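Note that our numbering has the sequence shown beginning at 6, numbered continuously upward.
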Amino acid sequence: MFGSKIDLFNKEWLDVIFAKKNKNYGAYELRQSSSANTTKSLLIASAIFILLFLAPKIYALIAGILPEPPPEKIVEVVMQTPPPIDPAVKTPPPVEPPPPKEDQIKFPPPIVKPDNEVRDEEPPKMEDLKKADPGQKTIEGDPTADIVQIAPAGEGPKQAVAVEDNTVYNFVSMENPPTYPGGIDKFYAYLGANIKYPPMAAENNIQGNVFVSFTVEKDGSITDAKVDRKLGYGTDEEALRVLRLSKRWNPGMQNGKPVRVKYNIPIKFNLQQ
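So this is what it looks like as structure tokens:
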């Protein structure tokens with residue numbers, strides 16, 4: 006009896022062990038289902054292992070059954086040959102920029118050369134550079150030249166565009182302010198001969214100065230005439246009327262060029278006694 010293998014999980018042994026004990030306790034149920042649970046776990050683990058082992062072969066089998074995707078369409082691009090060069094069409098020569106406003110002295114950057122290629126050439130002196138700017142070659146400046154803007158690189162050859170100076174200068178800070186032909190006395194003589202005293206101002210004995218401002222353009226014409234300090238009773242309108250009928254002035258000059266200049270003058274209204 007003792008030589009045979011004892012199965013403690015057998016139902017007879019379980020009944021002997023749990024005799025006169027509470028069989029509703031969890032240990033009794035666990036021992037009863039222990040053998041079945043062990044067998045079920047072994048089967049599930051074996052199935053998972055076999056499935057993982059055979060997965061690559063199954064995937065290869067399924068991939069072989071599925072239809073292959075259509076091949077990619079290859080489009081052949083044919084480059085057109087460039088048109089032949091027409092010898093009759095000539096490329097325009099590069100545009101030579103206008104001379105600068107300031108003189109330039111040749112001051113090229115240093116270049117390393119063999120001794121047999123070096124030519125004796127004296128560098129510019131400090132006295133020369135005080136009167137001129139350094140450059141790639143010696144150029145005589147033109148004081149009357151316009152300020153130019155060169156087209157950026159990569160946009161093809163373009164003409165240098167002169168930048169027009171439309172700044173309105175104050176006649177007080179001018180090198181050569183605008184003048185009336187014959188002088189300012191001639192201008193006031195013109196005003197005195199052409200101003201018609203407004204009847205309303207004469208009836209009310211209105212006298213005084215009308216302060217006006219105007220712009221003398223580059224051609225000497227008068228624009229933007231306006232009253233800065235009024236006297237009223239028709240004097241303001243009369244002052245502007247006579248001012249706009251004035252002949253052309255001599256334009257103001259800045260750096261040797263005619264420029265626009267703002268001018269301020271008083272026009273006096275005085276009744277003759």
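Where is the CB? At the ideal position from N, CA and C, for every residue including glycine. Remember, it's a predicted structure, so these values are computed and weren't measured experimentally.
Quick check: the Cα distance between S251 and I227, rounded to an integer number of angstroms?
If you draw a straight line from the Cα of S251 to the Cα of I227, it is about 8 Å long.
Near N260, what residues of its chain come up, given a Cβ to Cβ distance below 6 Å and the 5 sequence neighbours on each side ignored?
none
How many whole angstroms separate the CB atoms of M258 and E169, which I take to be in contact at a CB cut-off of 8 Å?
Wrong, their Cβ atoms sit about 16 Å apart, outside the cutoff.
Give the single residue among G213, P119, L236, V217 whose Cα lies nearest to the Cα of L245.
V217
Would you decide whether F219 is buried or exposed? Buried here means 16 or more other CB atoms lie within 10 Å of its CB.
buried
Tell me where the beta strand (DSSP E) around F216 begins and ends.
213-221
Have a look at the DSSP bridge pairing and note the partners of M258.
Answer by DSSP bridge pairing, in chain order: N181, P263.
Assuming K191 is part of the alpha helix (DSSP H), what are its boundary residues?
189-199
Rounded to the nearest angstrom, what separates Q277 and Y238 at their Cα positions?
17 Å
Relative to the alpha-carbon of M205, which residue among A52, A93, L66, L236 has its alpha-carbon at the smallest distance?
L236
Is it true that the CB of N214 sits closer than 8 Å to the CB of P271?
yes
Check for me: the beta strand (DSSP E) holding D229 runs from which residue to which?
227-234
By DSSP, does I247 sit in helix, in strand, or in coil?
Reading off the sequence shown, one finds Val at residue 247, where the question assumed Ile. Helix at V247.
Helix, strand or coil for N175 per DSSP?
strand
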